[in-house]
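First the structure, in the form of structure tokens, and then the observations on it.
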Amino acid sequence: MRRPLRQRQAAKNAKKAAPKEVQSLSFGARSSATGDELSAASGGQATAPGEDAAPAADASATFEETVAIGEPAEIDAGQVEDDEALVKRLIAGHTVQRVYTVKAGDCIGCIADEQQVSEDVIYQNNPWIENDKIKIGDQLNLTVQEPLLNVRSEETVTQTETIDAPLEIRKTDELKAGISKIVRPGSDGKRIVTYKLLRRNGLVVEEEQVSTKVVTPALSTVMLKGTKVTPSEGSGKFIWPVAGHKITSYYGKRWGRLHKGFDMVGSSSVKAADNGVVELADDSMSGYGNAIIINHNNGYKTLYGHLSKINVKAGQVVEQGEAIGVMGNTGHSFGTHLHFEVYLNGKLKNPADYL
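Encoded structure:
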């Protein structure tokens, strides 16, 4: 289980408080450590000057070991250590050498929870781990510094968390299959969550969610997902490929040569005359510039030439009326227009017979 709360470390330069003389072995127990220093060792809320205190309440701590005050003894003055040195000695403790062998089903977070070490320790001791990838049989160095005295503490922490905006997918036959469109962007929400934490030497070893209050609900993102399947075979009934068309040159003999189709002007958007599969969509045909050929899979093919832009690619299924390109002046052309041709069973036809 990955923990959502970041482990907090008390500031190193926490302001020193006077030692407290109490009879309990909890915070401020009879010890050379000051109240703030012991709180820092147990993951308490000691802060550096100017820092905001963490939002915790009902914090308490105890030693795992039995701690007793021995009989008074005479020692030389030079053997007496100051408060800071004693605290460092208690916290530094001793090195515990540990090696863990990865088994089936393990993950970094699982191992950290089971072995009661932080994920940071695993990453720092095993720099060869990349992208959280480990395999059965890998040996992980889990060596840590164990303090001489182990402090267990409980605290309640309340924090504000973000509620991710959920994604709501709605299927529609108004869009082609494979096409999706966001019709309403979502927004994240906010919630106040209270956790009960159990720490061991400042490290969270158990976490329980106590309560949750939604402050601002999340608004879902609505996405339309197309389900419409366009038949690749045309109906045999063509529509004009240009809206508001005006014919500038018809099919037939022109200047002693056959003009193979219609030249037309009008709306700049060029539409597919019928359903079909794009057979060609490039500038490889001499004289036509950027051109598209659609195979309507019923014996008919249509050609669209001199385009300034091609919006489809070879192999794509297009629907009658779908925008396939933009009118242009490429190839052997003397002005912006669309050149349109019709073929039936490989033979050139007069577009006037089909439009």
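Sequential numbering of the sequence shown, starting at 1, is according to full-length UniProt numbering.
We treat Cβ as the ideally placed atom computed from N, Cα and C, and that holds for glycine.
Classify Gly-202 as buried or exposed, calling it buried when 16 or more other Cβ atoms lie within 10 Å of its own Cβ. buried
Decide if Ile-69 is buried, meaning its Cβ has at least 16 other Cβ atoms within 10 Å, or exposed. exposed
Keeping to the same chain, check which residues put their C-beta closer than 7 Å to that of Gly-287; ignore five residues upstream and five downstream. Gly-331, His-332
So Gly-276 packs on Val-312, CB below 8 Å; how close in whole Å? Actually they do not touch by this definition, with Cβ atoms about 11 Å apart.
Out of curiosity, what's the CA-to-CA distance linking Gln-316 and Val-278? 5 Å
Of the residues Val-215, Leu-197, Thr-216, which one's Cα is nearest the Cα of Glu-208? Leu-197
9 Å Cβ cutoff met for Ile-182 and Val-157: no
Can you name, in chain order, every residue of its own chain whose Cβ lies under 6 Å from the Cβ of His-245, other than the five neighbours on each side? Met-264, Gly-266
Express the C-alpha separation of Thr-336 and Ala-314 in angstroms, rounding to a whole number. 24 Å
If you compare alpha carbons, which of Lys-103, Ile-134, Leu-142, Ile-136 is closest to Ser-118? Leu-142
To the nearest angstrom, report how far apart residue 376 and Ile-75 are at their CA atoms. Residue coverage of the chain in this structure runs from 1 to 355, which leaves residue 376 outside it and unanswerable.
Please state whether DSSP places Gln-124 in a helix, a strand or coil. helix
Alpha-carbon spacing of Val-205 relative to Arg-152, whole angstroms: 10 Å
Identity of the residues DSSP links to Val-265 by a beta bridge: Lys-246
DSSP has Ile-292 in a bridge; who is on the other side? Ala-281, Tyr-304
By the DSSP assignment, the beta strand (DSSP E) with Ala-323 in it spans what residues? 323-326
Give a yes or no on contact between the stretch 168-188 and the stretch 232-251, applying the rule of three or more CB pairs nearer than 8 Å. no
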